[in-house]
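Chemist: Residue numbers (this note's numbering): 48 to 666. Note that beta-carbon positions come from the ideal geometry of N, C-alpha and C, so glycine has one too. If you're wondering where the values come from, they're calculated on a predicted model, not measured in any experiment. Let me give you the structure first, and then I'll get to my questions.
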């Protein structure tokens, strides 16, 4: 009963604080407070009912431990949101920009021309379509020189600022810029060619909101720090009490790790879903709020790519521990690198055909093929990264793992990984080295911590598993805390790019790994069997799905629609690309050559004495 009271107190506190904050900060749109109130009330009621319905029905697949974890997780998320929502976040608002060529001019001017040279919102270049009467396109920019006064309008959503650049010369006249209710009178005349820059800042942070900002920023970072520090202490205490000697590690009986199949399948499907959403974001006309929702969904699925580094190293270290297998690289060269070369060729052919004829573009085709193979400039780039870690595994086992304590190696890997990603996340490209900023993730330091955690999780698997079982309540909350931290960084534009190479994705990915290990053990045999089956197709899905997404992009003429149409397109694209990739892989593997083209499908081994199979580019 006490937990239920605490639960409702947390919910009511979050509701009241959210409502108060929105009412104070945005009085003109205080109806949003009613929306937040309704959402929290509905969410809390449904959670409360779910708890007691499941408790009464005694569903076997949902234990009371899981329910406790869900309740704790929900309370944590509400409390974290309470502090997060206090921030004076810059909410995108609908803005109307009107540029009027007034027809007036300076006494010394020879004309009344108005040239709009550049226009951007929130550091993103905008283009104005459907020019009205009195405006024309000259040298690829909007120009007004007749039929004045002439008005040019743009309407859209802006979060931070608007940046306009006008040309100044002896023939320039006057202009008036209206941004919502603000007016700016411009005299664009100049004796020589010059540029006039107009920078309009929106949503200024007022002093009362600055107090909210400082308090909430301190609170949320303190909570995150305390949570992860407490989790770190639990890990350290557990390792100290469960240390194993090297001879005990070698004598461990290898059992099948079902969670790896689940992890591989979920991560593979997450990658396909990300690319299905990208098809909308890249080629469809979508409203700003819809784009934001889709972008956030993509960000929450970004754990998919780095998880495969963990899986690859876990499978190897779990099977061979801290020893090296003879001809370690032979099978991996045969069943991973050869399909990589074939898919690089296939992708280059398809994308060259899309842009023009291969024969007429033979030189460009050759360059693209070389770049695809050696620089990984296609979807298969991750296989090159995987092979770097195969080589590193050999060196690591031979020279490091048996000579240095794990805690020092893990600390070193965290520092290197964070510094490497932090440098490229927060620094501007150096002149002449911009390509390094575009492809920095091709080098192993960008993924080092996943390799390290994967290695020690495999070597000390029994301890790793025991730790997860004993701390399941805390592990169930980890993704929630990580998502809140990541979302906080994203919406405040601390790191604006949505990518698996963000520095905060490291925490999120590792939390998702142990979270899936935690819940995977509770799946029944039929569910585990499904994930094993799906996992066996992972490399084929990974390599082939972009081709089928491209087919849909080429043959579906619709490029705009309602939210329902967009959601339907994403789901159907996802299903079509996954099933088509599986069918092609299944068909080609019926021939001896097929496994060398799209990866080896093989057979899933069953039985307690079997170890997890290393399969394709994802292991």
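Under 8 Å Cβ to Cβ from residue 352, same chain only, skipping five residues before and after it: list those, please.
Modeler: Answer for residue 352: 314, 318, 429 and 547, listed in chain order.
Chemist: Counting Cβ pairs closer than 8 Å, one from the region 537-555 and one from the region 602-609, do we hit at least three?
Modeler: no
Chemist: Assuming residue 632 and residue 584 form a contact by the criterion Cβ under 8 Å, report the distance between their Cβ atoms to the nearest whole angstrom.
Modeler: 6 Å
Chemist: Would residue 619 be called buried (16 or more neighbouring beta carbons within 10 Å of its own) or exposed?
Modeler: It is exposed - the Cβ of residue 619 has fewer than 16 other Cβ atoms within 10 Å.
Chemist: Considering only residues of the same chain and omitting the five flanking positions on each side of residue 194, which have a CB-CB separation below 7 Å?
Modeler: 180 and 181
Chemist: Does the contact criterion of 3 or more C-beta pairs under 8 Å hold for the region 487-494 versus the region 513-527?
Modeler: At 8 Å Cβ cutoff, the stretches do not touch.
Chemist: State the beta-bridge partners of residue 415 as determined by DSSP.
Modeler: According to DSSP, which records beta bridges pairwise, residue 415 is partnered with nothing at all.
Chemist: If you draw a straight line from the C-alpha of residue 586 to the C-alpha of residue 645, how long is it?
Modeler: Answer to the nearest angstrom: the Cα atoms are 7 Å apart.
Chemist: Assign residue 222 to one of two classes, buried (16 or more other C-beta atoms within 10 Å of its C-beta) or exposed (fewer than that).
Modeler: By the 10 Å Cβ count, residue 222 comes out buried.
Chemist: Fully enclosed by the region 464-526, which beta strand (DSSP E) runs are 3 residues long or longer?
Modeler: Entirely contained in the region 464-526, not one beta strand (DSSP E) run reaches 3 residues.
Chemist: Assuming residue 555 contacts residue 516 under a Cβ cut-off of 8 Å, what Cβ separation, rounded to an integer in Å, is found between them?
Modeler: Actually they do not touch by this definition, with Cβ atoms about 22 Å apart.
Chemist: In three-state terms, what does DSSP make of residue 572?
Modeler: helix
Chemist: Which residues in the same chain have their Cβ closer than 6 Å to the Cβ of residue 647, if we skip the five residues on either side of it in sequence?
Modeler: 382
Chemist: Please give me, in chain order, every unbroken run of the alpha helix (DSSP H) with length at least 4 that falls completely inside the region 321-350.
Modeler: 335-347
Chemist: Contact between the region 452-469 and the region 327-347: three or more CB pairs below 8 Å?
Modeler: no
Chemist: If distances are taken between C-alpha atoms only, which option among 246, 501 and 482 comes closest to residue 453?
Modeler: Among 246, 501 and 482, the Cα nearest to that of residue 453 is on 501.
Chemist: Check residue 215 in the structure and name its three-state DSSP category.
Modeler: For residue 215, the three-state secondary structure derived from DSSP is strand.
Chemist: Does residue 255 come out as helix, strand or coil in the three-state DSSP assignment?
Modeler: Only weak support is given to the placement of residue 255: the predicted model assigns it a pLDDT of 43, under 50, and the value that follows is read from those uncertain coordinates. Reduced to three states, the DSSP call for residue 255 is helix.
Chemist: Under a Cβ-count criterion, where at least 16 other Cβ atoms within 10 Å of its own Cβ denotes burial, should residue 158 be classed as buried or exposed?
Modeler: Taking every protein chain shown into account, the CB of residue 158 has fewer than 16 other CB atoms within 10 angstroms, so this residue is exposed.
Chemist: I'd like to confirm something about residue 375: is its beta-carbon nearer than 7 Å to some heavy atom of the ligand ZN, or not?
Modeler: Judged by which ligands are present, the structure shown has none, so any question about the ligand ZN falls away.
Chemist: With a threshold of 8 Å on Cβ separation, who are the neighbours of residue 675 within its own chain once the five nearest residues in sequence on each side are excluded?
Modeler: Residue numbering for the chain in the displayed model covers 48 to 666; residue 675 lies beyond these limits and cannot be assessed.
Chemist: Could you give the first and the last residue of the continuous alpha helix (DSSP H) run that contains residue 198?
Modeler: It is not in any alpha helix (DSSP H) - residue 198 instead sits in the beta strand (DSSP E) that spans 197-205.
Chemist: For residue 311, name the three-state secondary structure that DSSP assigns.
Modeler: helix
Chemist: Based on the DSSP output, what are the partners of residue 189 in its beta bridges?
Modeler: 184
Chemist: Starting from residue 248, trace the beta strand (DSSP E) in both directions and tell me its first and last residue.
Modeler: 241-248
Chemist: Under a Cβ-count criterion, where at least 16 other Cβ atoms within 10 Å of its own Cβ denotes burial, should residue 305 be classed as buried or exposed?
Modeler: buried
Chemist: Between 243, 170 and 511, which has its C-alpha nearest residue 544's C-alpha?
Modeler: 170
Chemist: Between the Cα of residue 558 and those of 497, 614 and 507, spot the shortest distance and give me the residue it belongs to.
Modeler: 497
Chemist: Who are the Cβ neighbours of residue 210 in its own chain at under 6 Å, not counting the five residues just before and after it?
Modeler: 167 and 246
Chemist: Use the C-beta contact count for residue 478: other C-beta atoms within 10 angstroms, 16 or more gives buried, fewer gives exposed.
Modeler: exposed
Chemist: Between 243, 176 and 442, which has its C-alpha nearest residue 213's C-alpha?
Modeler: 243
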